[in-house]
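Undergrad: Protein chains in written order, with our numbering: chain D, 4 to 691; chain L, 4 to 691.
Can you keep this structure in mind? I'll have questions shortly.
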């Protein structure tokens, strides 16, 4: 038991050095100095000057004196409760009444030695009120000892502000009232050396300062909560039977579905849980369990490298419905989106069902399975029209597919267009396209003042065809790009990437206006299977193909079921991605609800080894017990909120995002080293 | 690329053996038989007879034939959408209209070769409707081929049921209407050999069957969603400023707060995240970030052994408020509880603020820090009144504290009372009390017909005092129990445990009636620090004491702040536990909001080594940046729902609970072995 009666505390003076520096220079001396060894300098966050360290030192036979920081704290322990929140106060303020308000101090203006003004901002930092302090009582001196941004409790008398010439009838209540200071309780101290303005950008380590100084960021979190509520309301109130929010486990099992899973070792040697990539299997089992409508804001995990729109942990609005097909899910989600837009956005979402764009068409016309279709620049296949020598010039490929798109110029000025495309190709955004091993882009500026309007390399005949197909105007840009002659697979083509990058560059340089509005669509008719690559963690099958999305996706029609036997790569999936403005908001599918078919796909099509197949036995057993047909979807919730707020990164709508490339939480410094003790508990050793 | 054109499928006959058995006995032969090696028998769940396995075998130059299970599935791919959900249908049924309804078949009654009746139960399994099938079309035969419980889509003509004598005006709509079968789509098959009645108890592996057969369990999940919504509504709508639902990370950092944490290794050698025991630190940082009211239904994790009321992952309603003291949080939670009870329960919660019971008083009067106070049996200290030789008889301890309680007998029959207590002490529930090394319970039956009413061992004088203190009636039981002379610490005393166990036994045997109603209270004034034991993972300090709850708990008053210097073990915490009927629903505290004080507690009182202290630097930095005072609480959400529904175990209110002692999910079989590949990815090896 520690006894404190014989201790006295000595406080290291706040002398602008953090403790480890003080130790090095040996400034102060303490009886138990040696205990400090091994202390790592935590100076990385705040400037050294603000750090204080307190050390007790044994001085025998002295009574304890209460150190000043405990005295300060005792003052803050007891503070008067607020009589009003600001919103209520401003709505019902009455002159000459006494109120207590809580909040943060603003910067103080000392008008004279006897008169100061200071703003008091409420705890939500939405409202503020002027406080007038006269040198008539202690409170005046107390106020003067406090730094701006410090939390306080203020007691004061309500008084009407003197009217100014500029006042209008509808001026905000904040401008009508002020408080004559009677007393003030300092609740904590804001360090003088932290500079905090609405413009300050703090390091990720100081997320709390970013949140506190950045009203837009705090508002994004409030907005996120509203988005959540609207989604919930629509699912719970506008569906019959209603969707029910059901939680599913996060300590799940490793099953090979796609991305790499985080493992959670247990104290039983060699056994681990896995954190789920999605609640997919549990929600399907709910459908087999007589719970026909499920939803959840589910935390999901993927052990993948960080990108602007991807976090190792993320939230999805996850749902599933039984006795349902893909169409039912799409209609449900359209209802959610429509309600979100009509409730929370400036303009409602477009009327009627969202457009359906088949995967093959999306890839052909936009070179992307999540196209932004608002800005034209549609891709058109041209190889049939091109002379062989031109094709040979733009690609070293044997008999390639050649596609083209046109960028319309606003100014009809070929020189300006030429300058724009040269600038793009010289920029970091353009570089990867120049270095395409299948050949860089072929660039032509349509120019009525040149022979064949600048299309000489096409030859007369092809130039005429190209004009007929693309209908270019004076000053427009024509881009050609070759790719190998093969069916579409994956999320984009080189010309699709080029279209996107070139458009982004055109917007950022002012060559094109930024597109506006929200263009919702469902991209549908994905192939059920795609060629698998060895480099990524896959579904563990040996067939050379993998499910394009996940192995529980159902074939779309009876004809696609037949295709499973004749040529599975030709089978179309009942999968649908919700895409808006080039962003994939989420995706879903009808699932295979028949155990025999599911087993056939895992075993005979994907050629999973028997031991991996056994990992799915719980799902097969659940399907086998008379599971009804079902379909569902997951919306990337972080991304949905980011899109609604027009934010580039999901980090701007997450309170504490991971920021480092390795998935670091820079603020708490996670991940951190496993201790020898922890490794032993979990029967593990580090590999050398 | 796999080519399937040359494959034919052979289906293993459903011959009552699972595949591995078939393999052992060698019944069927396939071309690629050898691939089956290493297949582990998944027979644990369904009876072997229901398992079917399908194997392709290469037979050259044969065209594919579509195997029957794919043909069956093709039928289920296309099915008509329901024209109505049952609720809408029953409200608006019109005779002679044609409808399509989805649902599950009930058992079929064949009245003749040409007439059958079958119930159709809707997807929620709340409603059902009679279907009449005549042998006039295909549908009749299709129906007869289907097992009960199979999911179907039924097309039929609505007709009014013939009125019966027993019919009343307010009979349910289900009994007024029936459907004449026109067509039926089989959507899946329910195996004949699964016996499913409302009474069947399925193994944890078959949770989906339990959920599907057990209406009460499904209803518990719906109720849980309602509880969630009511809590949310109260916090969002009835607080000014409103609480905002904010998600905090689950990939957190290992910090020494109490329970053992699960680790999540990363691909960076030796580094791991930890899953949070609670969002404690993040929510405190939110308070420093200008977000004054936070709540979240937070998933939390503790690597501890399973108990009926404890899961390795659990959900808590977590909240925090700034510019607030403990009282503000208690008032908020009383509002939540009151709204829950008035909205969802039979009787509303009692009016007015909940009773406050100080820890010392709870321990003295009930021997528990979460007492059920509804049934009396209050504990009274007796050692001052007892003769030394009696004390020596009931305990080998030197100068023990002796406490007593009385169990009133309803029958006033000493013989019955004697039998009851003997039965208890002989039962498994009573055994641990007999084996108490500090002495077993002293048992006395008050009996007016015996000398000194059965209190002879007390001697005349003490017996008289005991009668005065306990006021026993004829047939009442008096229990004495000794314990070492030491201050209260921990959650209960031996006599408190005895009181609880004896009462539970009395209720289970009918000796006492079960107490009714809900008795809410706040247990307050816990000691800030308690002696720490080496056996449990603690806060990593070297002081021999640990924070009773967690090291962020604030001392209650200025006097308790002073106590930090003079005798920290005497300091009282501003901590509060919400207790109802002997169950702790949750707890919370005011937090230390001052960095210097927090650092002082961690470093100088708990004597954490510097490197552990550095783990908290993010929190200290956030407090240092002018953090306002704040307080919060976490309600065990699983337990709250269980208490509201009168369930013994939280497992009855969780869709997929862990059931094994080691935290197993028996259904999906998690945890599971880590593969060599996974270990390598995370730079780990198993310890031999």
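Positions of the beta carbon are idealized from the N, C-alpha and C atoms, including for glycine.
1. In three-state terms, what does DSSP make of residue 530 of chain D?
2. With C-beta atoms as the reference, is residue 660 of chain L less than 9 Å away from residue 671 of chain L?
3. Given that residue 600 of chain D touches chain B, what residues does it touch there, using C-beta distances under 7 Å?
4. Can you list the residues of chain L that residue 276 of chain D reaches, using a CB-CB cut of under 7 Å?
5. Secondary structure at residue 668 of chain D, three-state DSSP: helix, strand or coil?
6. Apart from the five residues just before and just after residue 288 of chain L, which ones in its own chain have a Cβ nearer than 6 Å to its Cβ?
7. If you draw a straight line from the alpha carbon of residue 677 of chain D to that of residue 268 of chain D, how long is it in whole angstroms?
8. Could you have a look at residue 556 of chain L and say whether DSSP puts it in helix, strand or coil?
9. Tell whether a beta-carbon distance below 9 Å holds between residue 485 of chain D and residue 405 of chain D.
10. In terms of alpha-carbon separation, which member of L:272, L:253 and L:293 lies closest to residue 279 of chain L?
11. Would you mind sorting residue 536 of chain D into buried or exposed? The rule is 16 or more other CB atoms within 10 Å of its CB.
12. Using 8 Å as the threshold, is the region 491-510 of chain D in touch with the region 411-421 of chain D, meaning 3 or more CB pairs across them?
13. Could you give the DSSP three-state label for residue 340 of chain D: helix, strand or coil?
14. Contact criterion: CB-CB distance below 9 Å. Does residue 198 of chain D meet it with respect to chain L?
15. At a CB distance below 7 Å, what residues from the region 636-656 of chain D approach chain L? Give them in sequence order.
16. Against chain D, which members of the region 192-218 of chain L pass a CB distance test of less than 7 Å?
17. For residue 371 of chain D, which residues of its own chain have a beta-carbon under 6 Å away from its beta-carbon, when the five flanking residues on both sides are left out?
18. CA-CA distance, residue 365 of chain D and residue 562 of chain D?
19. For the alpha helix (DSSP H) containing residue 112 of chain L, list its first residue and its last residue.
20. Per DSSP, what are the beta-bridge partners of residue 578 of chain L in this structure?
21. Let's see if you can read the secondary structure: which residues bound the beta strand (DSSP E) around residue 630 of chain L?
22. Cβ of residue 579 of chain L less than 9 Å from any chain D Cβ?
23. Quick one: grab the DSSP three-state call for residue 146 of chain D.
24. Within the same chain, show all residues whose beta-carbon is closer than 7 Å to that of residue 444 of chain L, passing over the 5 residues directly before and after it, in chain order.
25. Tell me the DSSP secondary structure of residue 346 of chain D in three-state form.
26. By the criterion of Cβ-Cβ separation under 7 Å, what are the contact partners of residue 679 of chain L in chain D?
27. Tell me, please, which residues DSSP counts as bridged to residue 124 of chain L.
28. Where in the region 170-251 of chain L do unbroken runs of the beta strand (DSSP E), each at least 3 residues long, occur, reported from the N-terminal end onward?
29. According to a CB-to-CB cut-off of less than 7 Å, which residues of the region 307-319 of chain L neighbour chain D?
30. State the Cα-Cα distance for the pair residue 430 of chain L and residue 503 of chain L, rounded to the nearest angstrom.
31. Note down the Cα distance separating residue 567 of chain D from residue 195 of chain L, rounded to an integer number of angstroms.
32. Identify each residue in the region 127-145 of chain D for which the Cβ-Cβ distance to at least one residue of chain L is less than 9 Å, and report them in chain order.
33. Can you say whether residue 356 of chain L is buried or exposed, counting buried as having 16 or more other CB atoms within 10 angstroms of its CB?
34. Pull up the distance between the alpha-carbon of residue 662 of chain D and that of residue 303 of chain D, whole angstroms please.
35. What three-state label does DSSP hand residue 360 of chain D in the structure shown?
36. Note down, in chain order, each residue of its chain lying with its Cβ closer than 8 Å to the Cβ of residue 292 of chain D, except the 5 sequence neighbours on either side.
TA: This is what the structure holds:
1. Reading the first chain from its first residue, position 527 is the one you call residue 530 of chain D. Residue state, collapsed to three classes: strand.
2. The residue labelled residue 660 of chain L in the question sits at position 657 within the second chain. The residue labelled residue 671 of chain L in the question sits at position 668 within the second chain. Taking 9 Å as the Cβ cut-off, residue 660 of chain L and residue 671 of chain L do not qualify as a contacting pair.
3. Of the chains in the structure shown, none is chain B; the protein chains are D and L.
4. The sequence position of residue 276 of chain D within the first chain is 273, counting from 1. Ordered by position in chain L, the residues that pass the 7 Å Cβ test against residue 276 of chain D are 673 and 674.
5. As a first step, residue 668 of chain D must be located in the first chain, where it is residue number 665. Residue 668 of chain D: strand per DSSP, three-state reduction.
6. In the second chain, the residue the question calls residue 288 of chain L occupies position 285. Only 625 meet the Cβ criterion.
7. Taking the first chain and counting its residues from 1, the one referred to as residue 677 of chain D is at position 674. Taking the first chain and counting its residues from 1, the one referred to as residue 268 of chain D is at position 265. Those two C-alpha atoms are separated by around 12 Å.
8. By one-based count along the second chain, residue 556 of chain L stands at place 553. Strand.
9. Taking the first chain and counting its residues from 1, one reaches residue 485 of chain D at position 482. Taking the first chain and counting its residues from 1, one reaches residue 405 of chain D at position 402. Cβ distance < 9 Å, so residue 485 of chain D and residue 405 of chain D count as in contact.
10. The residue given as residue 279 of chain L occupies position 276 in the second chain. Checked all of L:272, L:253 and L:293; the closest Cα to residue 279 of chain L is L:253.
11. Looking up residue 536 of chain D in the first chain gives position 533. With fewer than 16 Cβ atoms within 10 Å of its Cβ, residue 536 of chain D is classed as exposed.
12. no
13. Looking up residue 340 of chain D in the first chain gives position 337. Residue 340 of chain D falls in the helix class under three-state DSSP.
14. Along the first chain, read from residue 1 onward, the residue named residue 198 of chain D stands at position 195. Residue 198 of chain D does not count as touching chain L.
15. none
16. 192, 193, 194, 197, 211, 212, 214 and 215
17. By 1-based counting over the first chain, the position of residue 371 of chain D is 368. Closer than 6 Å at Cβ, skipping near neighbours: 495 and 499.
18. As a working mapping, residue 365 of chain D is identified with position 362 in the first chain. As a working mapping, residue 562 of chain D is identified with position 559 in the first chain. Each residue's alpha carbon lies about 22 Å from the other.
19. For the purposes of this step, residue 112 of chain L is identified with residue 109 of the second chain, where counting begins at 1. No alpha helix (DSSP H) contains residue 112 of chain L, which is instead part of the beta strand (DSSP E) from 101-115.
20. Here the question's residue 578 of chain L lines up with position 575 in the second chain. Note: residue 578 of chain L sits in a beta bridge opposite L:592.
21. The residue you call residue 630 of chain L lines up with position 627 of the second chain. That residue, residue 630 of chain L, is in no beta strand (DSSP E); it is neither H nor E in DSSP.
22. One-based indexing of the second chain puts residue 579 of chain L at position 576. Not an interface residue.
23. As a position in the first chain, residue 146 of chain D is number 143, starting the count at 1. DSSP places residue 146 of chain D in helix when its eight states are reduced to three.
24. Position 441 of the second chain holds residue 444 of chain L. For residue 444 of chain L, where only same-chain residues beyond five positions count, the Cβ hits under 7 Å are 436, 482, 483, 484 and 501.
25. In the first chain, the residue the question calls residue 346 of chain D occupies position 343. Three-state DSSP puts residue 346 of chain D in a helix.
26. As a working note, residue 679 of chain L is residue 676 in the second chain. Residues of chain D passing the Cβ test: none, with the nearest at roughly 11 Å.
27. Here the question's residue 124 of chain L lines up with position 121 in the second chain. BP columns for residue 124 of chain L point to L:107 and L:131.
28. 180-189
29. 315, 316 and 318
30. On the second chain, residue 430 of chain L is found 427 positions in, with the first residue counted as 1. On the second chain, residue 503 of chain L is found 500 positions in, with the first residue counted as 1. Distance between the alpha carbons of residue 430 of chain L and residue 503 of chain L is about 15 Å.
31. In the first chain, the residue the question calls residue 567 of chain D occupies position 564. In the second chain, the residue the question calls residue 195 of chain L occupies position 192. Rounded to whole angstroms, residue 567 of chain D to residue 195 of chain L spans 29 Å at the Cα level.
32. 127, 128 and 129
33. Position 353 of the second chain holds residue 356 of chain L. Its Cβ having fewer than 16 others within 10 Å, residue 356 of chain L is exposed.
34. Mapped onto the first chain, residue 662 of chain D falls at position 659. Mapped onto the first chain, residue 303 of chain D falls at position 300. Each residue's Cα considered, the two are about 17 Å apart.
35. Start at 1 with the first residue of the first chain, and residue 360 of chain D comes out as number 357. Strand.
36. On the first chain, residue 292 of chain D is found 289 positions in, with the first residue counted as 1. For residue 292 of chain D, where only same-chain residues beyond five positions count, the Cβ hits under 8 Å are 625.
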